[in-house]
Structures are given as C-alpha cells and as structure tokens.
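Reviewing the structure listed below.
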Amino acid sequence: MTYCELKQTYLNVAGINLYCEYLINEKPPIVLIHGFASSTYTFRRVIPFLQKHYSVIAIDLPGFGKSDKSTSFIYSFQNYAKLLLECMNQFGYANFSIVAHSMGGQIALNMALLAPERVSKLVLLCSSGYLKRARKALIYTSYLPLFDKLAYYYVQKKGVRHHLNNVFFDKTLINDEMIEEFGKPLSEKGFYKALIRLLRHREGDLLPNQLQDIHVPTLLIWGEEDRVVPLEIGKRLVRDLPDARLITYKKTGHLITEEQPELVFKNIMMHMV
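Going by the UniProt record's numbering, 240 is the number at position 240 of the sequence shown; the sequence numbering is gapless.
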C-alpha cells in the first residue's frame, strides 16, 4: 500500500473546511499534525510505514495546506487543539495517539492538556517549545495596511530552497518536487493573511508548570543538527514532561520526517507498544 491510496476529504469543523488525508481500518488511530508553513506533505514518507499498522489521519491545519485560510478563525494553539479534538469526534474516535512535528507539537500538547483522557500517546518530532508570545510592537505593526504584502515579499525574496536548506542537514535530499510542494502554500496570498492572524493570536508556548500537568506517555525525537528548534529545547521538554523520553538522530536536521522516515517509524512503533 502506498501513500497515494489514502482517501482525501474536507471536513467542516466549527465553520472551517479542514483538508484531511486518511485511511480508516480496524487498527489503532494515529493523528498526524504538521508544523508551521507546512501541510500533510510533511508526513508523506512516514505514512506508507504507519498505515500498515494504524488508522492514519493527517490534517492540514487552518491557514496551511489545502485547508481554509480563514480571516475569522482565532489562530491560537488552544483553538487549534479544540478544532482537532472536534475533528476526531467527526471521525468517530474517542481515543487516539498523536505524531506532531515542530509547531504541531505545541498543538498536540494543548490537546493532551485539554483532553488527557483522549490522547493515548504522544510522539513529538523536533517540537517547538518555550517560545513567548510575539512582542506587542510587532503585533501592532501587523495591523498596518499592506503588512501581508510585505510578509509575502520577504518570504518570496528568500526563496523556497533557502528555507529548505535551513531545515535539512543533508541538502542533497532537496529536489525539484520538494521545492514545488513546499512552495505551494507560500505562493498563496490567503496564506499571508492567515499568517498575520497567527502572529496576533498565538499565545506563548506552554509553560513548565503546564507541561508538568501532562502525564501522557511522550516520545521526543530530535535531529542533533536542528537549526530551527535546537536540541536544547528537547532536553528541556524531557525534564518538564513527567512521562517523556528523548531520542536523538545524528546528522539530521529539523525536517526529520524527510531525512529519517524509516527510523522515525521504528521509534514510533517501539513507543506505541
């Protein structure tokens, strides 16, 4: 079975059209949550392994991928978490495990904090952590006319390859298909309006005392060469989360699902037993 055989659908959750790719079978459910400026595409190399053992549900977060770029949705981690919990209600799952990458890790942790009885296990891949809310001056500036166009210009000027170079250790893995697929959301004008709303609404990452209230068994997986979310964040998270352990990969950057998909899968399997 290959990744392309997953079904595709849109679910309307709280007025937001969420794009989902899924395979439902009799096996335990796993939810895949991508990171900032990404999509379900992030997991395309891991899904073929996972779907042999799990029911897989991959979701484009509001503002990203093929989901709505709503100008009314409140783009906070808590709202994202509530939306995904309701999404799982629509799929008919009371309990599930989560695999989340980068910013998706904060959403997964919020889900575990809001509904610990529903989240069986967590796997956080190079998860963001300990970021404070955006400075007030930047939030106020975001209300200036044409701010979204300035953001568009800044991102486009750098180019997709530049951004991919930052998230890969082994840059020889970067190819034209990747550049095209990761570049698609960055070329959508609606993405930048949603991005600005995320800047305004995103609360700070969970504090140590909040993390200490999360007792869901958690596996942290990190690339030792991660330049986006340094390994030190993983070391802090493993200290603050009561039931967590940390695994690191040598010669691996932030986009760990691209560089080490089979190893990620094997570690997920070991954690889920």
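C-beta atoms are modelled at their ideal positions from N, C-alpha and C, and glycine is treated no differently.
Evaluate residue i with the Cβ neighbour count: other Cβ atoms within 10 Å of its Cβ, from every protein chain shown; 16 or more gives buried, anything less gives exposed.
i    : result
Y22  : buried
V13  : buried
Q156 : exposed
N209 : exposed
L198 : buried
Pick from the options: whose alpha carbon is nearest that of residue i?
i           : options               : result
V167        : E224, A108, K136, I16 : E224
G204        : G92, R135, K121, I33  : R135
Y249        : L241, L231, K66       : L231
H163        : H271, M272, E180, S97 : E180
D170        : I59, P145, R227       : R227
C20         : K82, V46, F91, N79    : F91
M88         : L173, I30, D213       : I30
residue 274 : A37, F64, K158        : With the chain represented from 1 up to 273, any question about residue 274 goes unanswered, as that position is not in the structure.
I256        : K69, S127, N95        : S127
I59         : N95, H101, Y153       : H101
Name the two residues that bound the continuous beta strand (DSSP E) containing residue i.
i   : result
T9  : 7 to 13
V56 : 55 to 59
N25 : No beta strand (DSSP E) contains N25, which DSSP labels as neither H nor E.
Looking at the strands, I want to know which residues DSSP matches up with residue i.
i    : result
H101 : L125
T218 : L122, A244
V31  : I57, I98
G204 : DSSP lists no partner for G204.
Can you give me the start and stop residues for the alpha helix (DSSP H) that residue i sits inside?
i    : result
Y152 : 147 to 158
I179 : 176 to 183
E258 : 256 to 259
T141 : 136 to 141
I47  : 47 to 50
K82  : 77 to 91
Closer than 8 Å: is that where the CB of residue i sits relative to any heavy atom of the ligand GTP?
i    : result
R135 : The ligand GTP is absent from the structure shown, which contains no ligands of any kind.
**Message:** Three or more C-beta pairs under 8 Å: does that hold for the region 190 to 201 against the region 106 to 124?
**Reply:** no
**Prompt:** Can you find at least 3 beta carbon pairs, one from the region 238 to 249 and one from the region 135 to 152, that sit closer than 8 Å?
**Reply:** no
**Validate contact between the region 51 to 62 and the region 25 to 43 using beta carbons, cut 8 Å, 3 pairs** = Flag = yes, the region 51 to 62 and the region 25 to 43 touch.
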